[in-house]
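S.K.: After the structure tokens below, expect a handful of questions from me.
Protein chains in written order, with my numbering: chain A, 5 to 313; chain B, 645 to 997.
Here you go:
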């Protein structure tokens, strides 16, 4: 049994990582009052962009950069529609989601002869951290991952610090709770929301790159498989606090790893289709289980100085 | 005069939105495939109105878009973000298949039972997130999307498991008895009576919104939930009923696909729906969430999607490339808000109210 649990936990962390960065970015966007619904599309486009970047430059790091830029670009459009124009955030998010998925598919199709000649690209290979990697059990679970996993890990405390302990974090939170009041106090509401929204796109880009360059080592349609929405659920489950959101991501990652193993082992005679459903079912269950939701008060509400009460 | 002005603006914006979408889509396909703009436009035109066959194919797409789009319009009008039409459509297909394969009855009765079963199955699937929203305040955007994935995997389980007809060379159920086939309305085509059902549903939707208490409650709830509650609307009940109707209509779209086109339920590698549940969101929003608007948008959109599908097939592209159209439609509908603001300020259209 021991090796099973060892690989389960290691796999859980591996599968949580494409969620972590995007969920933290989404936390920032939502705390500032903008709902990024299109994460699914940002991640898909970012995965395609990071593949192309890695393929043409031969460097996984430049691929990562391309992915982050692609995610940020889509989020910038979202910010324009939602912050500058004050239009519906859900319609804009869904539109950008579909656009991202379509453009990703078309770009890869055009570049690699209709998906037939998917190239081998330089990826982020697992790095053994010296010393720590030698630790029994913990070493195998925590310190045998690709570079992006460690980066995602480090993002948790740093982004927690930014959001909860810095002036910018305070402004972000204030803008999402009471935009008119923050404006009176001299906070630039639009700029804060722009920064947070684009940041969520860049972080989704990082997550998409994790998916492409560290986990799958290639791109295929439907690769993100609803993770964009599981991320939003993780933000709700984590009550919009970075550390708890990270916990929620770990939970979903672990679940995904468990589900994969169950599919293969076919335990208890349950058909594999039901194991594939489990992450989605648990996401719904998690949403139902959250009792005291502390949502940012002005989430999804655009702010215009002229219209403020 | 007011009605005419409103009508003019809505027609103008519909035409402009669709032309902008077609223009951007043609340019994007041109960039992606390297085919000339003329060739792509030609293929699109051929796919839409090239022959009697393609025209009926467009109307086949319209059928699904119309039924699912009306469902989406119901929910959106009530302020419920039901993104789950795709899942509800699959559930409706399951309900229809269950009755079609397990019950034998003379043709009209069998068909009627199938329609009821599809409506109930789709409706029940949508009512679940409705109940979750009312009782546990779970966000319906997330729950409906998650339930899309679940519904598609339920279909996968059924066709790979209990309903698999192993004598077929594709993974699918057995073919329905002919009493469960929707009649074809244009001989020699695939255009089936589902279109008539869709038009009937559009008329019903218009009547519900215009003349009934439920329709008024839905509109009121969508416009201002607090006011609706003070005004005596039973909010939880209205939400659940709206979700039920919304899912039921999407379920009918699924029924139309299995009983009108396929006559069996099939593995997702073939797929009964390339994403009609998602396209329906575009159709409903493009139609301004009204019954007539959704009908006209579904016709336009049916031609657009069908033409793009033809183009996709001719160029050998993947189904995901069709998402371009829906993404562009949603963004164009959104940007239309900016544009209509400008249009209303034009002197010729101003001030005759």
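Cβ coordinates follow ideal geometry from the N, Cα and C atoms, glycine included.
#1: If you check the beta carbons only, do residue 718 of chain B and residue 890 of chain B fall under 7 Å apart?
#2: If you drop the 5 nearest sequence neighbours on each side, which residues of the same chain put their C-beta closer than 7 Å to that of residue 724 of chain B?
#3: Mind listing the chain B neighbours of residue 275 of chain A? Cutoff is C-beta to C-beta under 8 Å, in chain order.
#4: Got a sec: is the Cβ-Cβ distance from residue 909 of chain B to anything in chain A below 7 Å?
#5: Establish whether the CB of residue 980 of chain B and some CB of chain A are separated by less than 7 Å.
#6: List, in chain order, every chain A residue whose beta-carbon is nearer than 8 Å to that of residue 725 of chain B.
#7: Does residue 967 of chain B come within less than 7 Å of chain A when only Cβ atoms are used?
#8: Counting contacts by CB-CB distance shorter than 7 Å, is residue 789 of chain B in contact with chain A?
#9: Please report whether the beta-carbon of residue 205 of chain A lies at a distance below 7 Å from any beta-carbon of chain B.
#10: Do you know how far the Cα of residue 231 of chain A is from the Cα of residue 69 of chain A?
#11: Rounding to the nearest angstrom, what Cα-Cα distance links residue 90 of chain A and residue 311 of chain A in this structure?
#12: Excluding the 5 residues flanking residue 909 of chain B on each side, which residues of the same chain have their C-beta closer than 8 Å to its C-beta?
#13: Compare the C-beta of residue 793 of chain B with all C-beta atoms of chain A and state if any pair is closer than 7 Å.
#14: What residue from A/79, A/124, A/136 has the CA that sits closest to residue 223 of chain A's CA?
#15: Spell out whether any CB of chain B is found under 7 Å from the CB atom of residue 210 of chain A.
#16: Just list the beta strand (DSSP E) runs in the region 844-900 of chain B, keeping only unbroken ones of 3 residues or longer that don't cross its boundaries, in chain order.
#17: DSSP state of residue 911 of chain B, grouped into three classes?
#18: Excluding five sequence neighbours on each side, which residues of the same chain lie with their C-beta closer than 7 Å to the C-beta of residue 995 of chain B?
#19: Quick one: residues in its chain with C-beta nearer than 6 Å to the C-beta of residue 234 of chain A, no 5 flanking neighbours on either side, listed in chain order?
#20: How many whole angstroms separate the CB atoms of residue 744 of chain B and residue 820 of chain B, which I take to be in contact at a CB cut-off of 8 Å?
#21: Would residue 20 of chain A and residue 241 of chain A qualify as a contact pair, given that the criterion is a beta-carbon distance under 7 Å?
#22: Nearest to residue 810 of chain B by CA position, among B/794, B/878, B/911, B/731, is which residue?
#23: Under 7 Å between the Cβ atoms of residue 730 of chain B and residue 921 of chain B?
#24: In the DSSP output, what is residue 836 of chain B paired with across the bridge?
#25: Could you list the residues in the region 658-675 of chain B with a C-beta less than 9 Å from some C-beta on chain A, going in chain order?
#26: Strictly under 7 Å for the Cβ-Cβ distance: is residue 220 of chain A near chain B by that measure?
#27: Scan the region 862-873 of chain B for residues whose Cβ lies nearer than 7 Å to a Cβ of chain A and list them as they occur along the chain.
#28: Hey, does residue 949 of chain B have any beta-carbon neighbour from chain A nearer than 7 Å?
#29: Rounding to the nearest angstrom, what Cα-Cα distance links residue 648 of chain B and residue 657 of chain B in this structure?
#30: Determine the closest residue to residue 777 of chain B out of B/879, B/900, B/793, B/794, with distance taken between C-alpha atoms.
#31: Tell me which same chain residues have a C-beta within less than 6 Å of the C-beta of residue 991 of chain B, skipping the five on either side of it?
#32: In the DSSP assignment, find the unbroken alpha helix (DSSP H) run with residue 684 of chain B in it and report its ends.
#33: Check whether the Cβ of residue 970 of chain B lies closer than 7 Å to any Cβ atom in chain A.
#34: Please return the same chain residues whose Cβ sits closer than 7 Å to the Cβ of residue 304 of chain A, not counting the five positions on each side in sequence.
#35: Could you check if residue 791 of chain B is buried or exposed, using at least 16 other CB atoms within 10 Å of its CB as the buried criterion?
#36: What three-state label does DSSP hand residue 916 of chain B in the structure shown?
M.R.: This is what the structure gives:
#1: The Cβ atoms of residue 718 of chain B and residue 890 of chain B sit closer than 7 Å to each other.
#2: 784, 883, 886, 887
#3: 801, 804, 805
#4: no
#5: no
#6: 94
#7: yes
#8: yes
#9: no
#10: 21 Å
#11: Taking the straight line from one Cα to the other gives about 11 Å.
#12: Excluding positions up to five away in sequence, the list reads 737, 738, 741, 799, 802, 803, 807, 816, 817, 902, 916.
#13: yes
#14: A/124
#15: no
#16: none
#17: coil
#18: Only weak support exists for where residue 995 of chain B lies, its pLDDT of 36 falling under 50; the value from the coordinates is given anyway. Result list for residue 995 of chain B: empty, nothing under 7 Å.
#19: 256, 287
#20: 4 Å
#21: Contact flag unset, no.
#22: Among B/794, B/878, B/911, B/731, the Cα nearest to that of residue 810 of chain B belongs to B/911.
#23: Yes, the Cβ-Cβ distance between residue 730 of chain B and residue 921 of chain B is below 7 Å.
#24: B/828
#25: Of all residues in the region 658-675 of chain B, only 672, 673, 675 place a beta-carbon less than 9 Å from a beta-carbon of chain A.
#26: At a cut-off of 7 Å between C-beta atoms, residue 220 of chain A does not count as an interface residue with respect to chain B.
#27: Within the region 862-873 of chain B, no residue has a Cβ that lies closer than 7 Å to any Cβ of chain A.
#28: no
#29: 14 Å
#30: B/879
#31: Because residue 991 of chain B sits at a pLDDT of 45, beneath the cut-off of 50, its placement in the model cannot be relied upon, and the following sentence gives the value as read from the coordinates. Counting only Cβ-Cβ distances below 6 Å, and skipping sequence neighbours, we find nothing.
#32: 681-693
#33: yes
#34: 39, 93
#35: buried
#36: If DSSP states are grouped into helix, strand and coil, residue 916 of chain B belongs with coil.
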